[in-house]
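Asks: Residues in the sequence shown are numbered from 267 upward in steps of one, following the numbering used here. Just so it is clear, CB atoms sit at the ideal spot from N, CA and C, and this is done for glycine as well.
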Amino acid sequence: MFKNGQMSLPLSALSDNSWIESRSISYINKHTIDIDMPGGAFIQRSVFGLASTDARFAQDMMLNDGKPLKLINDEGSMDAIISINMFKYIIPNYDKLTFDDARKWLLKNNIIGNHKDVKANAIGYRIPTQSQASISALRFVDVLPEVMGDTVILPEEFTKLTGSDFDVDKLFIARYSYDKEGNIIQFDHSKSHDENSMEANKNNLLDNYMKVLLTKDHTNELKISIDNDTENVKTVLKDIESIQNLDYLTPFYHYSPEYQSKKKDEYTSGKAGIGPFALNNAHHILTQLTNLKMANNAFTSRLGLTNLGKVYDDEGVNRSGDRVRVLSWLSALINAFVDIAKDPYIVRLNVNAYTYNIAAYLTRMGKGEATYYFLNQPIMKDIAQAVLRTRGKYGVDQHVSQSQREKAAIEEVLNKYGYEHHKKHFEQLKTDEQKANMFSELLNAKQLRNLMM
Numbered sequence: 267m268f269k270n271g272q273m274s275l276p277l278s279a280l281s282d283n284s285w286i287e288s289r290s291i292s293y294i295n296k297h298t299i300d301i302d303m304p305g306g307a308f309i310q311r312s313v314f315g316l317a318s319t320d321a322r323f324a325q326d327m328m329l330n331d332g333k334p335l336k337l338i339n340d341e342g343s344m345d346a347i348i349s350i351n352m353f354k355y356i357i358p359n360y361d362k363l364t365f366d367d368a369r370k371w372l373l374k375n376n377i378i379g380n381h382k383d384v385k386a387n388a389i390g391y392r393i394p395t396q397s398q399a400s401i402s403a404l405r406f407v408d409v410l411p412e413v414m415g416d417t418v419i420l421p422e423e424f425t426k427l428t429g430s431d432f433d434v435d436k437l438f439i440a441r442y443s444y445d446k447e448g449n450i451i452q453f454d455h456s457k458s459h460d461e462n463s464m465e466a467n468k469n470n471l472l473d474n475y476m477k478v479l480l481t482k483d484h485t486n487e488l489k490i491s492i493d494n495d496t497e498n499v500k501t502v503l504k505d506i507e508s509i510q511n512l513d514y515l516t517p518f519y520h521y522s523p524e525y526q527s528k529k530k531d532e533y534t535s536g537k538a539g540i541g542p543f544a545l546n547n548a549h550h551i552l553t554q555l556t557n558l559k560m561a562n563n564a565f566t567s568r569l570g571l572t573n574l575g576k577v578y579d580d581e582g583v584n585r586s587g588d589r590v591r592v593l594s595w596l597s598a599l600i601n602a603f604v605d606i607a608k609d610p611y612i613v614r615l616n617v618n619a620y621t622y623n624i625a626a627y628l629t630r631m632g633k634g635e636a637t638y639y640f641l642n643q644p645i646m647k648d649i650a651q652a653v654l655r656t657r658g659k660y661g662v663d664q665h666v667s668q669s670q671r672e673k674a675a676i677e678e679v680l681n682k683y684g685y686e687h688h689k690k691h692f693e694q695l696k697t698d699e700q701k702a703n704m705f706s707e708l709l710n711a712k713q714l715r716n717l718m719m
């Protein structure tokens, strides 16, 4: 494709250039943005059966001397046991040492161990990183033999904290860089970044993360389970289904082609929702940093659709009396699609490929519960289903473009709900303020709930 640094064939000449664009962007990012930190991806192993149930039976030969791993130790970090693969590149003459000798070298240099002189020297994070609970500062108290592969063992509470289910769950870990004597390479603040080594710059970056992760003021936020976010969405679903007339399944309907086809579509297409909301989760931080806002006029101001960088939603407190962060709502959406095969409840809230954008937009605008009451209006559900039906390969007119098919499907639903009558009434309004007054309750959760009853 490239000849002497030039494109020998323009991308526009290909019928499908998306994969080339994707690889090109990935290549550029790798060499300009991505930071190659020491560490890697490690498979989570359950801690079950590794800790002694009685201190009298704990022995030195046991991992961590038979002591349980602490979710929060005295330093404020989390205890962990990891494969020696994490450190084999910093252990002198590693290839000539036995596992016991290599482990003793790590213990001697306070790189691992369960005492006050051993400090957190790595951060572990789950992908998608959907909340602060997805990131933890790690203190390694012991190591596993190399034959165990890239394995990490974490406190039993970590399962609830991050929603782990051990279906080959990975924890990505970045650690400090060390010199040949087993000391962390320090960043010299009297020198510029260019004058410091690459390893020192990377360690300085980790230092900044550690300061946040080990601050006692952040303990509550860092140790709240991501499943708590999910409960906010499930509470809304429970309320919506309590006021709607649900269609109960008839006997043996589970075996029908219609039901099987519907479930297959939910499970196979549902995973596609992870990416959009994971990107919104990361992008929301950028909008907060830049204070990004939408156009401010009478309409957007009345509906509260101007600030894209909100920290908390507009509803004050949830039903438990707690303020809910916008990032918590986004985290709940990621959770829903990650676990869609286990419980496809998010589909019942009309969050699908057609409504991803509006769901993310309203959530980031701080609409919280109102987002789901808005999406579950009958007209919104009918439009979403009509549009999704046009995206198949069978039973649709392939001679008409996708955009034309969607437009026709939407118009058909709008006509069903008397769109022309409402359109004429709306066009008679002269100012944005009058239009805003007409739709002032459009995104009010209580009002939307009443309309659904």
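Under 7 Å, do L420 and A346 count as touching if we go by C-beta distance?
Replies: yes
Asks: Please classify Y304 as buried or exposed, where buried requires at least 16 neighbouring CB atoms within 10 angstroms.
Replies: For the record, residue 304 in the displayed sequence is Pro; it is not Tyr. Classification for P304: buried.
Asks: Taking the straight line between their C-alpha atoms, what separation do you get for R676 and A388?
Replies: Residue 676 is actually Ile in this sequence, not Arg. Within the model, the alpha-carbon separation for I676 versus A388 is close to 52 Å.
Asks: On the criterion of 16 or more Cβ atoms from any shown chain inside 10 Å, does G661 qualify as buried, or is it exposed?
Replies: exposed
Asks: According to DSSP, is G541 part of a helix, a strand, or is it coil?
Replies: helix
Asks: Quick one: any contact between the region 605–625 and the region 675–692, if contact means 3 or more CB pairs under 8 Å?
Replies: The region 605–625 vs the region 675–692: no contact.
Asks: Helix, strand or coil for K436, going by three-state DSSP, please let me know.
Replies: strand
Asks: Under three-state DSSP, which class holds V409?
Replies: strand
Asks: What does DSSP give as the partner residues of F308 in its beta bridges?
Replies: Paired residue(s): L437.
Asks: What residue range is occupied by the uninterrupted alpha helix (DSSP H) comprising M344?
Replies: No alpha helix (DSSP H) contains M344, which is instead part of the beta strand (DSSP E) from 344–349.
Asks: With respect to the beta strand (DSSP E) encompassing V384, which residues constitute its N-terminal and C-terminal limits?
Replies: V384 -> no beta strand (DSSP E), and no H or E assigned at all.
Asks: Should the region 393–408 be regarded as contacting the region 588–604, the criterion being three or more beta carbon pairs within less than 8 Å?
Replies: yes
Asks: Given that a residue counts as buried once 16 or more other Cβ atoms are within 10 Å of its Cβ, and exposed if not, what is V313?
Replies: buried
Asks: Tell me which residue opens and which closes the beta strand (DSSP E) that T417 is part of.
Replies: 417–419
Asks: Going by beta carbon distance, what residues of the same chain come within less than 6 Å of F406, once the five residues before and after it are set aside?
Replies: A346, I348, I378
Asks: If I measure Cβ to Cβ from D340 and keep anything under 8 Å in the same chain, skipping five residues before and after, which residues do I get?
Replies: K382
Asks: What first and last residue would you give for the alpha helix (DSSP H) that runs through Y293?
Replies: 284–298
Asks: N330: which of I301, A368, N380, I350 sits nearest, CA to CA?
Replies: For N330, the closest of I301, A368, N380, I350 by C-alpha to C-alpha distance is N380.
Asks: Give me the residue from I645, D460, Y442 with the minimum Cα distance to Y355.
Replies: Cα-wise, what sits closest to Y355 is Y442.
Asks: Skipping 5 residues on each side, what residues in its chain have a beta carbon closer than 8 Å to that of M476?
Replies: Here the set comprises A386, I389, A403.
Asks: N716: buried (16+ other C-beta within 10 angstroms of its C-beta) or exposed?
Replies: exposed
Asks: What runs of the alpha helix (DSSP H), each 4 residues or longer, lie entirely inside the region 540–575?
Replies: Listed in chain order, they are 540–556, 564–569.
Asks: In chain order, what residues of the same chain have a beta carbon less than 6 Å from the beta carbon of K647, not counting five sequence neighbours either side?
Replies: N616
Asks: What does the Cβ neighbour count give for S343, buried or exposed, with the cut at 16 atoms within 10 Å?
Replies: buried
Asks: Sort A625, R568, I357 by Cα distance to E447 and report the nearest one.
Replies: I357
Asks: Strictly under 7 Å for the Cβ-Cβ distance: is L628 near chain B by that measure?
Replies: Chain labels in this structure do not include chain B; a single protein chain is all it has.
Asks: Report all residues from its chain with a CB closer than 6 Å to the CB of V679; omit the five preceding and five following residues, and keep chain order.
Replies: D648, I649, A652
Asks: In this structure, does DSSP put G536 in helix, strand or coil?
Replies: helix
Asks: Assuming V502 and E635 make a contact with CB atoms under 8 Å, what is their CB distance in whole Å?
Replies: 5 Å
Asks: With a 10 Å radius around its C-beta and 16 neighbouring C-beta atoms as the bar for buried, classify E683 as buried or exposed.
Replies: Checking the displayed sequence, the identity of residue 683 turns out to be Tyr instead of Glu. Looking at its Cβ environment, which holds fewer than 16 other Cβ atoms inside 10 Å, Y683 is exposed.
Asks: Helix, strand or coil for Y638 per DSSP?
Replies: In this structure, Y638 counts as helix in the three-state DSSP scheme.
Asks: To the nearest angstrom, how far is the alpha carbon of N376 from that of K362?
Replies: Going from the Cα of N376 to the Cα of K362 covers about 21 Å.
Asks: Go through its chain and collect everything with a Cβ distance to I612's Cβ below 6 Å, but skip five positions before and after it.
Replies: A602
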